[in-house]
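K.L.:
Residue numbers (our numbering): 370 to 588. One structure follows; several queries about it will come next.
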Amino acid sequence: MTLTTLPLFPLTTILFPDGLLPLQIFELRYLNMVKKCIADGTEFGVVAQTVRRDTAAESPTASEANSPALPMSQETFTAIGTSAKIISHFVPQPGLIRIDCVGSQRFSIVSTRQQTGGLWVAQVQTIAADLVIPVPAELLEAATALRHLITTLKSQATEASFMPIAKPYLFDDCGWVANRWCELIPMQSAQRHRLLALDNPLIRLELVLDMLLEQGLLR
Numbered sequence: 370m371t372l373t374t375l376p377l378f379p380l381t382t383i384l385f386p387d388g389l390l391p392l393q394i395f396e397l398r399y400l401n402m403v404k405k406c407i408a409d410g411t412e413f414g415v416v417a418q419t420v421r422r423d424t425a426a427e428s429p430t431a432s433e434a435n436s437p438a439l440p441m442s443q444e445t446f447t448a449i450g451t452s453a454k455i456i457s458h459f460v461p462q463p464g465l466i467r468i469d470c471v472g473s474q475r476f477s478i479v480s481t482r483q484q485t486g487g488l489w490v491a492q493v494q495t496i497a498a499d500l501v502i503p504v505p506a507e508l509l510e511a512a513t514a515l516r517h518l519i520t521t522l523k524s525q526a527t528e529a530s531f532m533p534i535a536k537p538y539l540f541d542d543c544g545w546v547a548n549r550w551c552e553l554i555p556m557q558s559a560q561r562h563r564l565l566a567l568d569n570p571l572i573r574l575e576l577v578l579d580m581l582l583e584q585g586l587l588r
């Protein structure tokens, strides 16, 4: 078993491979982490926090979705996450860095330790990338709906708009289609994490299609 060391960033959102994640970094431990990642060209691990002080039972709001973990007496987070690669960064003022990240590989945490400054560092094992499985006929509805959604978003976009889905668009790949819907469909964080942890992208897409139908999100 080959282990890799990753600094961890617990968030109220869940990152999927090839997913986009914009962040505003202002907490010192994460400012230092991001600066080092940029300087060294390395990645950090995004994990979903499982306890938030005073609001443990609440699901994250839209405004919280891409925010750093709230201060807490004891941070806890999921054992499976996704590494994030920084693709752009901007420093609008001292003490603030804006970054855009893309999800890289899933990983499982083997062990963790917290550094003096509060940053969590983990020994992780990389999870193999999803097998590329063509979308079968019975699940094409999910891929077609995603294609239509992206076309609509592109037609409505302005120069300053943020497109939540990055190219290349792999509409014939079960894992890619499922992951993009997992980022978009409203659901509890625990349910989203279970989908991330699934090894079979075909099953993930089947579950996604069921949710799309249940929530009336397909035309």
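Backbone N, C-alpha and C define an ideal beta-carbon position, used for all residues, glycine too. This one's a predicted model, so the numbers in the text were calculated from it and none came from an experiment.
How close, in whole Å, do the beta carbons of Leu-377 and Val-479 come, if the pair is a contact with beta carbons under 8 Å?
P.N.:
No, Leu-377 and Val-479 are not in contact; Cβ-Cβ is about 12 Å, not under 8 Å.
K.L.:
Pop quiz: Gly-414 and Ser-452 are said to be a contact at Cβ under 8 Å. What is the actual Cβ separation, rounded to whole angstroms?
P.N.:
5 Å
K.L.:
Which stretch, first to last residue, makes up the alpha helix (DSSP H) that contains Val-504?
P.N.:
Element bounds for Val-504: n/a, residue is neither H nor E.
K.L.:
Can you tell me whether DSSP reads Pro-386 as helix, strand or coil?
P.N.:
coil
K.L.:
Check whether the Cβ atoms of Cys-470 and Ile-449 lie closer than 8 Å to each other.
P.N.:
Against a cut-off of 8 Å, the Cβ pair of Ile-449 and Cys-470 comes out as no contact.
K.L.:
Between which two residues does the beta strand (DSSP E) harbouring Asp-469 extend?
P.N.:
Where Asp-469 is concerned, the enclosing beta strand (DSSP E) starts and stops at 465-483.
K.L.:
Nearest-angstrom Cα distance between Val-501 and Val-403?
P.N.:
In a straight line, the C-alpha of Val-501 is about 32 Å away from that of Val-403.
K.L.:
Got a sec, what are the start and stop residues for the beta strand (DSSP E) Ala-491 sits in?
P.N.:
Ala-491 -> beta strand (DSSP E) spans 489-495.
K.L.:
Among the candidates Leu-565, Asp-579, Pro-570 and Leu-586, whose CA atom is the shortest distance from the CA of Thr-382?
P.N.:
Leu-565
K.L.:
Which residue from Asp-579, Leu-372, Asp-409 and Leu-389 puts its Cα closest to that of Glu-337?
P.N.:
The chain is shown from 370 up to 588; residue 337 falls before or after that span and cannot be answered.
K.L.:
Assuming Pro-461 is part of the alpha helix (DSSP H), what are its boundary residues?
P.N.:
Here Pro-461 belongs to no alpha helix (DSSP H); instead the beta strand (DSSP E) covers 449-462.
K.L.:
Report yes if the CB atom of Leu-390 is closer than 8 Å to the CB atom of Leu-384, and no otherwise.
P.N.:
It is a contact, given that the beta carbons lie within the stated cut-off.
K.L.:
Within its chain, find whatever has a CB closer than 8 Å to the CB of Pro-461; leave out the 5 residues flanking it on each side and keep chain order.
P.N.:
Arg-467
K.L.:
Determine the direct distance from the alpha carbon of Pro-463 to that of Tyr-538, and round the result to whole angstroms.
P.N.:
36 Å
K.L.:
Under three-state DSSP, which class holds Ile-554?
P.N.:
coil
K.L.:
For the putative contact between Phe-540 and Ala-498, defined by C-beta atoms under 8 Å, what is the C-beta separation to the nearest angstrom?
P.N.:
So it is not a contact: roughly 18 Å between Cβ atoms.
K.L.:
Indicate the three-state DSSP secondary structure (helix, strand or coil) for Lys-523 in the structure shown.
P.N.:
Shown here, Lys-523 sits in a helix according to DSSP, grouped into three states.
K.L.:
Using the Cα positions of Gln-525 and Gly-486, report the straight-line distance between them to the nearest angstrom.
P.N.:
43 Å
K.L.:
Name the one or two DSSP bridge partners that Gly-414 has.
P.N.:
Paired residues: Leu-377 and Ser-452.
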